[in-house]
Structure formats: structure tokens, C-alpha cells
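Residue numbers (the working numbering): 33 to 211.
See the structure below:
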């Protein structure tokens, strides 16, 4: 779909996250504004045609919208349908150490590209969460926004899906280790 950088992560993800970090971790409601649809479409088309510039994105909100569009258009969810049930069972584990160990085991089962994107992008979400006092995007707000982009949401499991994504943000340092 998109050109990849040396990390095995699509260029669109790397470039958008780096620009958002430089410009907007302090801007309120980063992902909730959506950005300018025309700018986002122009940038998406440019990336699909091999350009790696964000000149069409005029604001940090356009970059967030472009990043959201990337996850929406993936042919399969980044946390994979195959591991969905495993994640939903793990969410119910009450002991924190056992929970984190189970998350680690499941995440290590992700295909390599998915693992790299998840590892990188949740690190980015953790950075946003750390500035929640400024940007109003705490881990729970981010999880509510992103859970349907990371997995095929199942009716009745929304609270568990949100908890999973929130946990992956909050416990990022304890979950993600080098693969």
C-alpha cells in the first residue's frame, strides 16, 4: 500500500508521527478534530503515488486525519482477527503481572510487520498520553478513538477492546521489549 522505511514501518506512519510529535503533542483533541478532508485526501493520494511529503497537510490535525485514514484502509486489522479472542480473554486477567505476560505472549504472535507497527505506534500513543494535561488525549480517550481501527470490533466487547488498547498504552514500557 505505502512505501516502507528501513524499520519495516510504512513511511506514512513514520512521517506523520514524527511531524505530529514536532508540532502537536500539546494541541487539544489531536485525533478527534479529523482535519481537512481535502488536504487529507490529497496527502493520501501523494503517498500512494510514492511521494513522502506532507505538504498537503496544513495542520497537525490534517496529519492526524491522514494517519487515521491509513489504519482505516488497512486490508486487515493490525491486531489481527486471529488473535482477537486471545486478547479478549487476556483483558479479564486480574493479576497485573500475569496480564502483562499474557499480552506479551499474544503480541509476539503478531506477524512481523504488524508487530513492528504496533510496537512503534503504541510508543507514539504513549507520548501523546504523557501530554494529556495539554492535549486532553489520555490513554482512555486514545483507546476509545483507536480500538476500532486496530481490531474488527465485535458487538458487546467494546469495553474490553477499549481496556486492551488503554492497557497497551499505559503499560507500554512493561509490555514491549525488543523482538
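Every residue gets a Cβ at the ideal spot worked out from N, C-alpha and C, and that includes glycine.
Buried versus exposed call for residue 13 [16 or more other C-beta atoms within 10 Å across all chains shown] | No information on residue 13 is available, as it lies outside the stretch 33 to 211 that the chain covers here.
Going by the beta-carbon positions, is the gap between residue 146 and residue 194 smaller than 8 Å?
-> Between residue 146 and residue 194, the C-beta spacing is not below 8 Å.
Nearest to residue 64 by alpha carbon, out of 95, 200, 189?
-> Residue 64 has its Cα closest to that of 95, out of 95, 200, 189.
Leaving out five residues on either side along the sequence, give the residues of the same chain with a beta carbon under 7 Å from the beta carbon of residue 185.
-> 179, 193, listed in sequence order.
Alpha helix (DSSP H) runs wholly inside the stretch 35-92, at least 4 long, in chain order | Contiguous alpha helix (DSSP H) elements confined to the stretch 35-92 occur at 43-56, 69-80, taking only those with 4 or more residues.
Looking at the structure shown, is residue 186 part of a helix, part of a strand, or coil, going by DSSP?
-> The DSSP-derived three-state label of residue 186 is coil.
With DSSP run on the structure shown, which of helix, strand or coil describes residue 96?
-> Reduced to three states, the DSSP call for residue 96 is helix.
Curious, which full-length beta strand (DSSP E) runs of at least 3 residues does the stretch 113-164 contain?
-> For secondary structure counted as the beta strand (DSSP E) over 3 or more consecutive residues, the stretch 113-164 holds no complete run.
For residue 207, the first and last residue of its enclosing alpha helix (DSSP H) = In the DSSP annotation of this structure, the continuous segment of the alpha helix (DSSP H) that includes residue 207 starts and ends at 204-207.
Does DSSP classify residue 111 as helix, strand or coil?
-> The answer is coil: DSSP assigns residue 111 none of H, G, I, E or B.
Looking only at its own chain, which residues have a Cβ that is under 7 Å from the Cβ of residue 57, when we skip the five neighbours before and after it?
-> The beta carbon of residue 57 sits closer than 7 Å to those of 159, 160, 163, 167, all from its chain and outside the five residues before and after it, given in chain order.
Who are the near neighbours of residue 102 in its chain, counting only those whose CB is closer than 6 Å to its CB and skipping five residues on each side?
-> Answer for residue 102: 44, listed in chain order.
Can you give the Cα-Cα distance for residue 173 and residue 142, rounded to whole angstroms?
-> Residue 173 and residue 142 have their C-alpha atoms some 25 Å from each other.
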